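Each residue of the sequence shown is one higher than the one before, starting from 1 at the first, in the numbering used here.
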Amino acid sequence: MALRAAPRSAIEEQALPARFVVQEHHATRLHWDFRLEMDRVLKSWAVPKEPPFKPGVRRLAVEVEDHPLDYIDFQGEIPEGEYGAGTVTVWDKGVYELSSRTENKIVFTLNGVKMRGEYILLRTGFQGDPKNWLIFQTKQEGQREAKAGKAGGNRPSER
Ligand SMILES: [Mn+2]
Numbered sequence: 001m002a003l004r005a006a007p008r009s010a011i012e013e014q015a016l017p018a019r020f021v022v023q024e025h026h027a028t029r030l031h032w033d034f035r036l037e038m039d040r041v042l043k044s045w046a047v048p049k050e051p052p053f054k055p056g057v058r059r060l061a062v063e064v065e066d067h068p069l070d071y072i073d074f075q076g077e078i079p080e081g082e083y084g085a086g087t088v089t090v091w092d093k094g095v096y097e098l099s100s101r102t103e104n105k106i107v108f109t110l111n112g113v114k115m116r117g118e119y120i121l122l123r124t125g126f127q128g129d130p131k132n133w134l135i136f137q138t139k140q141e142g143q144r145e146a147k148a149g150k151a152g153g154n155r156p157s158e159r
């Protein structure tokens, strides 16, 4: 197996929180590339509509190929004739905390600017395609407040 130039050492990797990025990509079709730093690559999903930043919105997220870690800061033009030709801008970025991960479900908390809170990526296999996932934010915030307050269940939501 070829070793990639690794900008972060194993020790750094343990010390530093994992990162994520969402790149808005004006290609043939506008989409948002959602990428999680994971397994020393950027695990990537293409989201055809603007990714959710509040609970109750579910978006299709189509698994696409892993990208190298140094792509996390990429913004600019992918030239005509190359795959994904068009303009890429960073729509959101930050760090995340992984809660659980199985073959078909990834639970994580994003700490970005637009995307904040607990999210789930769920492989639905929609239309028979295992690359089809859903991404959505959970309604955890209220639960967390209730837990933190320990005042018992039924505090009305403040917003
Ligand atoms: Mn793309």
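Even for Gly, the Cβ is constructed at its ideal location relative to N, Cα and C.
Predicted, not measured: the structure shown is a model, and the values here were computed from it.
Item to check | Exposed unless 16 or more other CB atoms sit within 10 angstroms - verdict on Tyr-83 | outcome: exposed
Checklist entry - Which residue or residues does DSSP assign as beta-bridge partners of Tyr-96? => result Ala-18 and Leu-110
Checklist entry - Going by C-alpha distance, which of Gln-127, Ile-120 and Phe-126 is nearest Pro-52? => result Ile-120
Item to check | Extent of the continuous beta strand (DSSP E) to which Asn-132 belongs | outcome: 132-137
Next on the checklist: So for Asp-66, helix, strand or coil by DSSP?
Outcome noted: strand
Checklist entry - CB Lys-93 to CB Phe-20, shorter than 8 Å? => result yes
Item to check | Where Asp-39 sits in the DSSP three-state scheme | outcome: coil
Checklist entry - Looking at C-beta atoms only, is the number of pairs between the stretch 44-62 and the stretch 112-119 that lie closer than 8 Å three or more? => result yes
Item to check | Buried versus exposed, by CB contacts within 10 Å (16 or more), Met-1 | outcome: Its pLDDT being 48, under 50, Met-1 is placed unreliably in this model, and the value from its coordinates should be taken loosely. By the neighbour-count rule (16 or more Cβ atoms within 10 Å), Met-1 is not buried but exposed.
Item to check | One or two residues paired with Val-57 in a DSSP bridge | outcome: In DSSP, Val-57 forms no bridge with anything.
Item to check | CB-CB length for Trp-91 against Glu-63, believed under 8 Å | outcome: Their Cβ separation, rounded to whole angstroms, is 19 Å, which puts Trp-91 and Glu-63 out of contact at 8 Å.
Next on the checklist: In the DSSP output, what is Lys-105 paired with across the bridge?
Outcome noted: Leu-122
Checklist entry - Going by beta carbon distance, what residues of the same chain come within less than 8 Å of Asn-104, once the five residues before and after it are set aside? => result Leu-122 and Arg-123
Item to check | Coarse secondary structure for Gln-23, derived from DSSP in three states | outcome: strand
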